[in-house]
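Using the working numbering, you'd call the opening residue of the sequence shown number 177 and step up by one each time.
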Amino acid sequence: MKAAVWHGYKDIRIEDVPEPEVKPGHVKIKVAWAGICGTDRHEYVGPNFIPTKRPHRLTGRTAPLIMGHEFSGIITEVGEGVTGWKVDDRVTANGTLSCGECPMCLAGRDNICYKLGFLGVSTDGAFAEYVIVNQKRLFKIPDNVGLKEAVLCEPLACGKHALDLMNLDIRDKTVVVSGDGIIGISAAIACLQAGAKNLIVSGIGTSKKEFIEGLGARYVNVAEEDLVDVVSDITESAMAHIAFECVGVEASLHNVIKATRPGAAVMIMGVFEKPPVFPMNDFQEGEKVLYTSQAHLYEIGDCLELMSQGKYPYIHKMITGVVDLENIVEGGFEEMNRHPNDHIKMLVRIAGDEID
Ligand SMILES: [Zn+2]
Ligand SMILES: [Zn+2]
């Protein structure tokens, strides 16, 4: 079968590899669509999480391996001991790999397993014609949800998980989201659905302004406006109750802290390539609370349900590009590097419309 195999920094090759074999407790899925995620882009341009020297602590794998963790498809084979799933089921999955034995797994928090791994990072993933997935990670796609749209539930689940983790009532609250990439957008959507009153989303450039304003948020282009000033104006100096950092750079971190009021909650979702200077005093003076969030647990299921109910009427607008697997490097990774601000979600067509 054809697969996009990661060999190293800026070295992803389309190769013919043997079809994977189903294992006990797992299913084999024919992949229809896959999404290129921010983490995939990091793997391409570095620094990477795909193990190159020491084998992964859970899977024992090192590069080369097949990338991709956001996908949809249909089951073509079920392994021994699989219950509740059958051939032809339309599915998507949580790409988390966990040990099932550590204190976090036992507490139901597989997303922070001591030996945490991911499909497409720690073992072969979904940028391929077939992928093998543990039955406990599967989600059934409702009949009225397209295989194409269903891929978006993985990134949407990240925002929902982060919001749920804080366990705050955000109705009528002012919320700031720094970052207009897919993670910032997923946080913004989760907040709007939970009833946030004033939602302010910042980013660079204007290509996503229309989409974000269409959601019902105020868009701040940080190249032209100061986020902290805007929040101050909107709230008559009271500032925001909650803020999400979804960029992973120091200036954005400082902005979200300055944009919040005493007692506020600040959620970190960005992946920092460089460790930021942390403005401790701004934080401590207001007894602000810092939260962090990693991937998601069951929230893909919630998002599929919401999608089925028509709660994401704008979902097709989030798909800003489609590329065939053969062209994933030039038309996918390189395109996203050239125009990082133009894309929300780039999809990879594998079996695509054939099995939709
Ligand atoms: Zn992802
Ligand atoms: Zn574990």
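Note that the Cβ used here is the ideal one computed from N, Cα and C, for glycine as well.
Quick caveat: nothing in here was measured; it's all calculated off a predicted structure.
Closest residue to residue i among the options (Cα-Cα distance)
i, options, result
"Pro279", "Thr268, Ala333, Leu292", "Leu292"
"Gly528", "Val198, Asp500, His515, Glu511", "Asp500"
"Glu400", "Ser378, Ala419, His417, Lys262", "Ser378"
"Thr496", "Glu461, Tyr490, Arg514, Met522", "Met522"
"Ile520", "Asp405, Tyr467, Ser362, Leu339", "Ser362"
"Pro438", "Gly214, Ser428, Glu463", "Glu463"
"Val353", "Thr215, Val398, Val181", "Val398"
"Thr344", "Asp216, Ile504, Ala440", "A small correction: the amino acid at residue 344 is Leu; Thr does not occupy that position in the sequence shown. That would be Ala440, whose Cα lies nearest to the Cα of Leu344."
"Leu391", "Met415, Asp402, Gly381, Asn374", "Asn374"
"Gly335", "Pro227, Asn517, Gly446", "Gly446"
"Cys213", "Phe294, Ser428, Asp402", "Phe294"
"Leu323", "Ala471, Pro200, Thr268, Tyr290", "Thr268"
"Ala210", "Glu219, Val425, Leu328, Glu506", "Leu328"
"Phe225", "Ala393, Phe454, Ser298", "Ser298"
"Asp319", "Pro451, Gln311, Asp264, Asn310", "Asp264"
"Arg217", "Lys385, His515, Glu530", "His515"
"Phe448", "Val425, Asp458, Val442, Leu429", "Val425"
"Pro452", "Ala471, Val321, Glu502, Val423", "Val423"
"Thr235", "Phe459, Ala179, Asp402, Tyr290", "Tyr290"
"Lys186", "Ala179, Pro223, Gly201, Pro200", "Pro223"
"Lys468", "Asp402, Asp340, Ile358", "The amino acid at residue 468 is misidentified as Lys; the sequence shows Thr. Among Asp402, Asp340, Ile358, the Cα nearest to that of Thr468 belongs to Asp340."
"Ala326", "Val498, Gly507, Cys479, Glu530", "Cys479"
Cβ neighbour criterion (16 or more within 10 Å) applied to residue i
i, result
"Tyr395", "buried"
"Met483", "buried"
"Gln485", "exposed"
"Met456", "exposed"
"Gly271", "buried"
"Phe315", "buried"
"Tyr490", "exposed"
"Asn431", "buried"
"Pro231", "exposed"
"Arg189", "exposed"
"Arg233", "exposed"
"Leu466", "exposed"
"Ser413", "exposed"
"Thr259", "exposed"
"Val524", "buried"
"Leu332", "buried"
"Val181", "buried"
"Glu475", "buried"
"Phe420", "buried"
"Asn310", "buried"
"Gly296", "buried"
"Glu277", "exposed"
"Asp409", "exposed"
"Gly284", "exposed"
"Leu273", "buried"
Residue i - partner residues in DSSP beta bridges
i, result
"Ser378", "Ser354, Val396"
"Glu191", "Ala179"
"Tyr306", "Lys206"
"Ala338", "DSSP output for Ala338 lists no bridge partner at all."
"Ala269", "Leu314"
"Leu241", "Trp182"
"Lys123", "Residue 123 cannot be examined here, being either before or after the span of the chain that is shown, 177 to 532."
"Val327", "Bridge partners of Val327: none, in fact."
"Gly211", "Glu246, Leu523"
"Met445", "Bridge partners of Met445: none, in fact."
"Phe454", "DSSP lists no partner for Phe454."
"Tyr467", "Met443"
"Glu253", "Lys204"
Close-in-space but distant-in-sequence residues of the same chain around residue i (CB under 8 Å, 5 per side omitted)
i, result
"Val198", "Lys204, Glu253, Val254, Gly255, Ile308"
"Ile388", "Asp356, Ile361, Ala364, Val377, Gly379, Tyr395"
"Glu461", "Pro438"
"Val404", "Asn431, Lys434, Ala435"
"His183", "Arg189, Ala239, Pro240"
"Met177", "Asp192, Val193, Pro194, Glu195, Ala304, Glu305, Tyr306"
"Lys229", "Thr238"
"Gly257", "Pro200, Gly201"
Proximal residues to residue i (C-beta, below 6 Å), its chain only, five neighbours per side dropped
i, result
"Leu473", "Asn287"
"Lys493", "Phe387"
"Thr411", "Thr350"
"Ser383", "Asn517, Asp518"
"Gly477", "Phe315"
"Phe509", "Tyr220"
Contacts around residue i, its chain only, beta-carbon distance under 7 Å, and the 5 residues preceding and following it disregarded
i, result
"Val207", "Phe247, Gly249, Ala302, Ala304, Glu305, Tyr306, Val307, Ile526, Ala527"
"Ala372", "Ile346, Lys349, Val351"
CB contact check: residue i to chain C, cutoff 8 Å
i, result
"Asn457", "The structure shown contains no chain C; it holds only a single protein chain."
(request) With a cut-off of 6 Å, give the chain-ordered residues whose Cβ is closer than this to any heavy atom of ligand 1. (result) The chain-ordered list of residues whose CB is nearer than 6 Å to some heavy atom of ligand 1 reads Cys213, Thr215, His245, Glu246, Glu330, Pro331.
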